[in-house]
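Student: Structure below; questions to follow.
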Amino acid sequence: MVLLAADGVAIEAVHEPADFDADVTHDAAGRVPVTVVAHGFTGSAGRPHVRRAAAVFRRYGAVITFSFRGHGASGGRSTVGDREVLDLAAAVAWARRLGHRTVWTVGFSMGGSVVLRHAALYPAAGPDAQASGHADGRGSGPAEGHGSGFADAHGPAHTDAVVAVSAPARWYYRGTAAMRRLHWVVTRPLGRAVGRYGLRTRIHTSDWDPVPLDPAEAAARIAPTPLLLVHGDRDPYFPLDHPRALATAAGPQADLWLEPGMGHAENAADEALLARIADWAARRAPGG
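Next comes the structure, spelled out in structure tokens:
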């Protein structure tokens, strides 16, 4: 399926039914939950590590994978976590149009920051016209202090539970060699060329304007939606002060898993961890 984000960018998305060999929990109407997977920077719906995660999550319900703008077969250019919240909102709204009553989002690295902001900006309570951003799609709505938002033409786009894996707590972090390399890729013309031709990621040339809601600020606004933060103690991008800062901001409603020996994002998440994540979501999401 090709979805349209609220600012008109075309987003490739794939819906896969639950693995019928698994013991999937249905709600009273016989509907299964769905996991919406938000990949990391330079990933896509078709990358092997994303496919591996989807295969595990299908044991617990249906799965939607999609490619953020500038990645895979999606249109547009990557804004490295800013307008990507509109892409995720389109995928979640599609899940609900398909009839899934229970939806949870799982994001990795950049996708982790996106699921945090999405949960903060698209609350389950209130009218279906969610705060998704400026009318021109540039920002992310009144929760960030910019404008009044606009109605999501696709329908409700809220999530019932949030999992952020290897997510940053703050923007512009350059404290590790890996993040300094990433900033070079994103901010320099030669770096963006490397991103386009070497990493198959098309990167926007403009700076953020306005700066998106900080991930830690977003985490503080997610309650009462269940939140799980997962982070490896060998993450080469973001050290452990990032997940701890997110957990502090989120308060007691958040669960924090610090994984011994784990590296970064979906590449480092083994099948056992992915199964634990899905089991947590199935237990914590309303109706799960």
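Sequential numbering from 1379 applies to the sequence shown in this note's numbering. Cβ atoms here follow ideal geometry from the backbone N, Cα and C, with glycine treated the same way. Note that this is a predicted model, so its numbers are computed, not measured.
1) Three or more C-beta pairs closer than 8 Å, one from the segment 1655-1664 and one from the segment 1474-1486: is that the case here?
2) So, for residue 1542: in the same chain, excluding its five sequence neighbours on each side, which residues have a beta-carbon less than 6 Å away from its beta-carbon?
3) From this set, 1578, 1386, 1646, 1537, which residue's C-alpha is nearest residue 1602's C-alpha?
4) In whole angstroms, give me the CA-to-CA distance for residue 1621 and residue 1535.
5) Who are the Cβ neighbours of residue 1434 in its own chain at under 6 Å, not counting the five residues just before and after it?
6) Do you know how far the Cα of residue 1568 is from the Cα of residue 1397?
7) For residue 1496 versus residue 1644, is the C-beta distance shorter than 8 Å?
8) To which residues of the same chain is residue 1604 closer than 6 Å at the C-beta, ignoring the five residues directly before and after it?
9) Under the three-state reduction of DSSP, which class applies to residue 1657: helix, strand or coil?
10) Just the C-alpha distance for residue 1418 and residue 1635, rounded to the nearest angstrom, thanks.
11) Taking the runs of the alpha helix (DSSP H) that are 4 residues or longer, which of them lie wholly in the segment 1626-1655?
12) Assign residue 1612 to buried or exposed, taking buried as 16 or more other Cβ atoms, counted over all protein chains shown, within 10 Å of its Cβ.
13) Name the DSSP bridge partner or partners of residue 1607?
14) Determine the contact status of residue 1471 and residue 1444, defining contact as a CB-CB distance below 8 Å.
15) Do you know offhand how far residue 1528's Cα is from residue 1386's?
16) Report all residues from its chain with a CB closer than 6 Å to the CB of residue 1573; omit the five preceding and five following residues, and keep chain order.
17) Return the bridge partner residues of residue 1472 from the DSSP annotation.
18) Suppose contacts are defined by Cβ-Cβ distances below 8 Å. Is residue 1382 in contact with residue 1391 by that definition?
Tutor: Walking through what the data contain:
1) Touching, yes, given that three or more Cβ pairs across the two stretches are closer than 8 Å.
2) Translated into positions along the sequence shown, residue 1542 becomes position 164. Answer for residue 1542: 1485, 1490, 1493, 1494, 1607, listed in chain order.
3) Taking the first residue of the sequence shown as position 1, residue 1602 is located at position 224. It is 1537 whose Cα lies nearest to the Cα of residue 1602.
4) Residue numbering aside, residue 1621 sits at position 243 when the sequence shown is read from its first letter. Residue numbering aside, residue 1535 sits at position 157 when the sequence shown is read from its first letter. It is roughly 25 Å from the alpha-carbon of residue 1621 to the alpha-carbon of residue 1535.
5) The residue you call residue 1434 lines up with position 56 of the sequence shown. Taken in chain order, the residues that qualify are 1649, 1652, 1653.
6) For this step, residue 1397 is matched to residue 19 along the sequence shown. For this step, residue 1568 is matched to residue 190 along the sequence shown. Between residue 1397 and residue 1568, the C-alpha separation is close to 44 Å.
7) Numbered from 1 along the sequence shown, position 118 holds the residue referred to as residue 1496. Numbered from 1 along the sequence shown, position 266 holds the residue referred to as residue 1644. At a Cβ-Cβ threshold of 8 Å, residue 1496 and residue 1644 do not count as neighbours.
8) Position 226 of the sequence shown, counted from the first residue, corresponds to residue 1604. Excluding residues within five positions, the ones whose Cβ falls inside 6 Å are 1539, 1662.
9) Looking up residue 1657 in the sequence shown gives position 279. Residue 1657 falls in the helix class under three-state DSSP.
10) The count along the sequence shown starts at 1 and reaches residue 1418 at position 40. The count along the sequence shown starts at 1 and reaches residue 1635 at position 257. Rounded to whole angstroms, residue 1418 to residue 1635 spans 19 Å at the Cα level.
11) Complete alpha helix (DSSP H) runs here, min 4: 1643-1646.
12) Here the question's residue 1612 lines up with position 234 in the sequence shown. Exposed, because fewer than 16 other Cβ atoms sit within 10 Å of the Cβ of residue 1612.
13) What you label residue 1607 is simply residue 229 of the sequence shown in a count that begins at 1. The beta-bridge partner set that DSSP reports for residue 1607 consists of 1542, 1634.
14) For this step, residue 1471 is matched to residue 93 along the sequence shown. For this step, residue 1444 is matched to residue 66 along the sequence shown. In this structure, residue 1444 does not lie closer than 8 Å to residue 1471 by Cβ.
15) Taking the sequence shown and counting its residues from 1, the one referred to as residue 1528 is at position 150. Taking the sequence shown and counting its residues from 1, the one referred to as residue 1386 is at position 8. Bear in mind that the predicted position of residue 1528 carries a pLDDT of just 31, short of 50, making it unreliable; the figure below should be weighed with that in mind. In this structure, the CA atom of residue 1528 is about 14 Å from the CA atom of residue 1386.
16) In the sequence shown, the residue the question calls residue 1573 occupies position 195. So the qualifying residues of the chain are 1563, 1579, 1581.
17) What you label residue 1472 is simply residue 94 of the sequence shown in a count that begins at 1. Answer is none; residue 1472 lacks a bridge partner.
18) Against the sequence shown, residue 1382 aligns to sequence position 4. Against the sequence shown, residue 1391 aligns to sequence position 13. Between residue 1382 and residue 1391, the gap from beta carbon to beta carbon reaches 8 Å or more.
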